[in-house]
Amino acid sequence: MDKSFEPGQIESKWYAAWEASGDFKPSGQGEPYCILLPPPNVTGTLHMGHAFQQTVMDMLIRYQRMRGMNTLWQVGTDHAGIATQKIVENQLAVDDKTRHDLGREAFVERVWKWKEESGSTITNQMRRIGAAADWSRERFTMDEGLSAAVRKVFVEWFRAGLIYRGNRLVNWDPLLGTAVSDLEVNNVERDGHMWSIRYNTADGKDSVVVATTRPETMLGDVAVAVNPEDERYTHLVGKTLRLPLSGREIPVIADDYVDREFGTGCVKITPAHDFNDYAIGQRHQLAPINIFTLDAKVNDNAPEKYRGMDRYEARKAVLADLETEGLLVETKPHKLQVPVSQRSDAVIEPMLTDQWFLDLTSEKGRKEITEPALEAVRGGEIKFVPENWSTTYTQWLENIQDWCISRQLWWGHRIPAWYDEAGNIFVGEDEADARAHAATPPVGALRQDEDVLDTWFSSALWPFSTLGWPMDGAVKDEHGNVVANWDVDNVFLPSAVLVTGFDIIFFWVARMVMATKYFTGRVPFRHVYINAIVRDAEGQKMSKSKGNTLDPLDLIDGIELEPLVAKSTKSLLIPQVRDKVEKRIRKDYPAGIPAIGTDALRFTFAALASYSRTINFDIKRAEGYKAFCNKLWNAARFVLMNLPEGQLPAPGGAPVTEAERWILTRLKQTLTDVEQHFASYRFDLLAQELYEFTWNEFCDWFLELSKPALNGDDAAAAASTRHTLVVVLETILRALHPIIPFISEEIWHSVAPKLGLDAKFLLERPWPKADEIVADDAATAEVEWFKNVLSGIRRIRAEMNIAPGKTIPLLLADGDSSDRARAAKFAAQISFLARVDAPQWIESGADEPAAAAAVVGSMRVLIPLAGLIDLGAEKTRLSKEIARIEVEIKKCEGKLGNANFVANAPAEVVAQERQRIADWGVQLTALREQAQKLG
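Take the sequence shown: its letters are residues 1 to 935, numbered as in full-length UniProt numbering.
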């Protein structure tokens, strides 16, 4: 092994070797265990959220693979209808062309070409972070197999009466010219105004005042609503008002939706341009009036003066005319929540358009789609982790609306519906199938619907379409390679766990459950682990505009500041972003961010992966885990340097030394805890367990405790210790492999020959089983005593600034017979490791010299002050130690004084707290006595 750990050098070689080995593919043996990758957009690049989420998935896959499971990490990308089409349209715009200049067929060919050239960026970046995914089975939501599944699902739902076409209100992006989902809409706070407008009654004898933030929409008003219990307006209900500027007469209606305490208590009703108004219009059977064209200009349903105006131009004209007619009562500033398209930044316009919908609300829709999806969670077939997210899921399904599944795009799955010359609709998997299922012969030629399906429609089928459904036999890619076979691969349904964010519980998780239950009768996954959202070190949302986000690959490879260079990506090319990022970095890293490597980044993510809703990512913490990697590297070099050439001989029996039996006992407990944390998805706790065991107990303590045996005269103890060192190190590498695969693989290839292991890679080694390790509680108690003595001596040395190499006297006082026996047993090791003279006992009643003290149980460990330690400094040190222990006692008392803790915590946890308070009490008494002796 090289002297220093250089992550860049080892990461570059291992991934290609893993992928080529076929170890990422299902083994065909063991119980099936599948994880579905939430398919990233084919337009995307890896961001911190991706890297965090995929680290979690990779840990689970590697762990279960080593446990002997038949693992599949099903990967692929989403065609990202709007985003991909926009990229290619922007490319055309450079040449002053639009998609219409090319025509649909040529434009789609152009998109496919872009996908082949640029669509694999994010999957290549996933390889950089070590994703153990089966790339031979990579799917794309527009590939032929998945497209066939989409057509079949649409047709079957249509023929079952669950898909229909209707004219309804949707989110409309006037710039892109398509309906968009709620997920593609951001509500952005902006400064606006609230305008109060007077509406006179038709007879001119009375009036009402309504307030609105969108005065141009009044041209489409069909009513004014008041609360039925509002006495101010009960006399007007049923009468008509004259709509300003248009002259139309509209009714005054009563509806409980109206809050009589808000504003004037009167609300203008524009069903064609507001979702709440649309619902009111439906209740009162009011015909909506659409006043906008699809590009948000005023249409012919408005007075002639305003026709052709852009909506904001029309707003100015309407306000001016209201002012002229004396109907504009008041204008005041108002903060608005404006719906903005994520894709185009255009303000969304609620628009009445003809769209395709999936029925989720009728008696049939709820019975066949919605209720089975609800019951899957209510009945426990699907469990959310953390459990509270199940409430979010069920509340949404209980209040669900029909799903608008059509989009007015060219890139995507074209809706398999055709129209004849009379406007009749024919649905089929192709035109021939549509004709074959026609109830009556089509009139004339057929033309296919121009719309495509919502991207989430194909994503909803991901759990079973990626496995080959509904094809008979193997699904092959363009090169003839088998990518799926439903007849064989259906064993991976349901998958074990879905790892995803809470923001798509509605749009993806619930819809996968709906589709999978309907078409396969199974749930798509057993567990849904909702990962936290990654924020910056101060808890702020990461965004390029703030300059507080970095590409994870830039953290892995480092960033130079002279000049500012992100080595792996183009994330810093925008000048404004570049300036903000540079300013933030220079504060803490004048020379730039050092490369931390993939393993350190992954360990950071694992250590942060709690049940929290958000996590704060701090680069300095990642540097701490790079130090951990360095520590592991150096420990491995120490072990290997203390071994003879070639393979170690098998041990002749049980471990010889108590230090060996102690480390094996601690290893057994660590592995037990880690498996429990994997089962409960507490990746933060398992990372902490492995960190503490590796750093503190193995690298610090066991390497130290092994030195007396390695350097002593007992050949059997030396040989046994060498073997235990290697066995424990190899076990640690297996346990750490799911978190830090690169460094563990690199070290393992130096360690494996010493044990005669013939596996090619760590992933082929079995997960270490705790029950195969023999625990020795007696040896553990002995070594823990020994450790506490050494720790006490070293703490005094450090706090009193005694040179580490200086040999000092050691006195022992109080204690019991077991302390004396242990002191005699470990006398040589204590002297060797603590640099002290042979320990001497002070008998009860004998005079004691002034000394610095540490307490181990009821025994005092004393370092005489004469010539070594300042009496005042020791008094100060004792006071601090007493104060620290008093705080620990209060913590224990607080827990035990909490009735809920005592009633609900496991019995062993409560017992542990009681034992701790007793132990702290013994130490506190001894330290107070020592302080008293020093005056």
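Just so it is clear, CB atoms sit at the ideal spot from N, CA and C, and this is done for glycine as well.
On the DSSP bridge assignment, give the partners of D354 in chain order.
Looking up residue 354 in the sequence shown gives position 354. Paired residues: N167.
Proximal residues to P849 (C-beta, below 6 Å), its chain only, five neighbours per side dropped:
Here residue 849 refers to the residue found at position 849 when the sequence shown is read from its first residue. P864.
Uninterrupted beta strand (DSSP E) stretches inside the region 224-296 (no shorter than 3 residues):
Listed in chain order, the beta strand (DSSP E) elements of length 3 or more contained wholly in the region 224-296 are 240-242, 249-254, 266-269.
6 Å Cβ shell around P372 - same chain, five flanking residues per side excluded:
If you number the sequence shown from 1, residue 372 lands on position 372. Within the same chain, P372 has close Cβ partners K517.
At the level of alpha carbons, what is the spacing between T353 and F154?
As a position in the sequence shown, residue 353 is number 353, starting the count at 1. As a position in the sequence shown, residue 154 is number 154, starting the count at 1. Each residue's Cα considered, the two are about 20 Å apart.
So, do the region 865-882 and the region 819-839 have three or more beta carbon pairs nearer to each other than 8 Å?
no
Just the C-alpha distance for W396 and P339, rounded to the nearest angstrom, thanks.
By 1-based counting over the sequence shown, the position of residue 396 is 396. By 1-based counting over the sequence shown, the position of residue 339 is 339. When rounded, the distance between both Cα atoms is 20 Å.
Can you tell which of G857, T598, Q285 has the C-alpha that lies nearest to the C-alpha of S817?
Sequence index remark: in the sequence shown, residue 817 carries index 817 (1-based). Checking every option, the nearest Cα to that of S817 belongs to G857.
Terminal residues of the continuous beta strand (DSSP E) containing W73?
Here residue 73 is taken as the residue at index 73 of the sequence shown, counted from 1. Segment 70-74, the beta strand (DSSP E) holding W73.
Could you give the uninterrupted runs of the alpha helix (DSSP H) lying entirely in the region 134-164, keeping only those of 4 residues or more?
144-159
What are the boundary residues of the beta strand (DSSP E) that residue 943 is part of?
Since the first residue of the chain shown is 1 and the last is 935, residue 943 is not available in this structure.
Can we say the region 175-192 touches the region 281-290, given the rule of at least three CB pairs closer than 8 Å?
no
Start and end residues, alpha helix (DSSP H) containing K933
Here residue 933 refers to the residue found at position 933 when the sequence shown is read from its first residue. Counting along the chain, the alpha helix (DSSP H) containing K933 begins and ends at 907-933.
Excluding the 5 residues preceding and the 5 following F603 in the sequence, name in chain order all residues of the same chain whose CB lies nearer than 7 Å to its CB.
One-based indexing of the sequence shown puts residue 603 at position 603. Correct list, in chain order: Y625, F628, A687, I739, I740.
Going along the chain, which residues of its own chain have a beta-carbon closer than 8 Å to the beta-carbon of T213, five neighbours each way excluded?
Locating residue 213 in the sequence shown gives position 213, counting from the first residue. When the five nearest sequence neighbours on each side are left out, the beta carbons in the same chain lying within less than 8 Å of the beta carbon of T213 are those of G192, H193, M194, W195, H334, L336, in order along the chain.
In whole angstroms, what separates the C-alpha of A635 from that of L703?
Locating residue 635 in the sequence shown gives position 635, counting from the first residue. Locating residue 703 in the sequence shown gives position 703, counting from the first residue. One C-alpha to the other measures close to 8 Å.
Cα-Cα separation, P552 to L46:
In the sequence shown, residue 552 corresponds to position 552, counting from 1. In the sequence shown, residue 46 corresponds to position 46, counting from 1. Between P552 and L46, the C-alpha separation is close to 7 Å.
Can the beta-carbon of L812 be found closer than 9 Å to that of R884?
The residue you call residue 812 lines up with position 812 of the sequence shown. The residue you call residue 884 lines up with position 884 of the sequence shown. No, they are not a contact pair.
If we require 3 or more residues per run, which beta strand (DSSP E) segments fall completely within the region 824-861?
DSSP runs (the beta strand (DSSP E)) wholly in the region 824-861: 840-842, 851-856.
Express the C-alpha separation of I382 and G521 in angstroms, rounding to a whole number.
Taking the first residue of the sequence shown as position 1, residue 521 is located at position 521. Taking the first residue of the sequence shown as position 1, residue 382 is located at position 382. G521 and I382: Cα-Cα distance of roughly 14 Å.
Is the region 53-60 touching the region 1-17, taking contact as three or more C-beta pairs under 8 Å?
Cβ pair count under 8 Å is below three, so no.
Which residue wins for smallest C-alpha separation from S390, given the options L236, R797, F506, N485?
Residue numbering aside, residue 390 sits at position 390 when the sequence shown is read from its first letter. Selected option, being the one with the closest Cα: F506.
Along the chain, where does the beta strand (DSSP E) that runs through R526 open and close?
Counting from one through the sequence shown, the residue named residue 526 turns up at place 526. Counting along the chain, the beta strand (DSSP E) containing R526 begins and ends at 525-531.
When DSSP builds the beta bridges, which residues end up paired with R307?
Indexing the sequence shown from 1 puts residue 307 at position 307. Beta-bridge pairing links R307 to no other residue.
Could you check where the alpha helix (DSSP H) with C34 kicks off and where it finishes?
The count along the sequence shown starts at 1 and reaches residue 34 at position 34. Counting along the chain, C34 falls outside any alpha helix (DSSP H), though it belongs to the beta strand (DSSP E) covering 32-36.
Taking the alpha helix (DSSP H) that W486 falls in, what are its first and last residues?
Start at 1 with the first residue of the sequence shown, and residue 486 comes out as number 486. 486-489 is the span of the alpha helix (DSSP H), which, as asked, contains W486.
What are the start and end residues of the alpha helix (DSSP H) that includes D554?
Reading the sequence shown from its first residue, position 554 is the one you call residue 554. Where D554 is concerned, the enclosing alpha helix (DSSP H) stretches over 552-557.
How big is the Cα-Cα spacing for G756 and N642?
Indexing the sequence shown from 1 puts residue 756 at position 756. Indexing the sequence shown from 1 puts residue 642 at position 642. Looking at the two C-alpha atoms, the distance is approximately 17 Å.
For R435, would you say it is in contact with chain C, using Cβ-to-Cβ distances shorter than 9 Å as the test?
In the structure shown, chain C cannot be found, because there is only a single protein chain.
If you check the beta carbons only, do I556 and R128 fall under 9 Å apart?
Position 556 of the sequence shown holds residue 556. Position 128 of the sequence shown holds residue 128. Yes, these two residues count as a Cβ contact at 9 Å.
Identify whether P215 lies in helix, strand or coil by the three-state DSSP scheme.
Residue 215 sits at position 215 when you count from the first residue of the sequence shown. Helix.
Within 9 Å, strictly: CB atoms of G81 and D454:
Indexing the sequence shown from 1 puts residue 81 at position 81. Indexing the sequence shown from 1 puts residue 454 at position 454. For G81 and D454, yes; Cβs fall inside 9 Å.
Count the other C-beta atoms from every protein chain shown that fall within 10 angstroms of the C-beta of G365, then say buried if there are 16 or more, exposed otherwise.
Within the sequence shown, the letter at position 365 stands for residue 365. By the 10 Å Cβ count, G365 comes out buried.
Return the bridge partner residues of P864 from the DSSP annotation.
Against the sequence shown, residue 864 aligns to sequence position 864. DSSP output for P864 lists A851 as bridge partner(s).
Can you list the beta strand (DSSP E) stretches of 3 or more residues lying completely in the region 779-804, in chain order?
none
Within 10 angstroms of the Cβ of G166, are there 16 or more other Cβ atoms? Answer buried if so, exposed if not.
Your numbering for residue 166 matches position 166 in the sequence shown. G166 should be labelled exposed.
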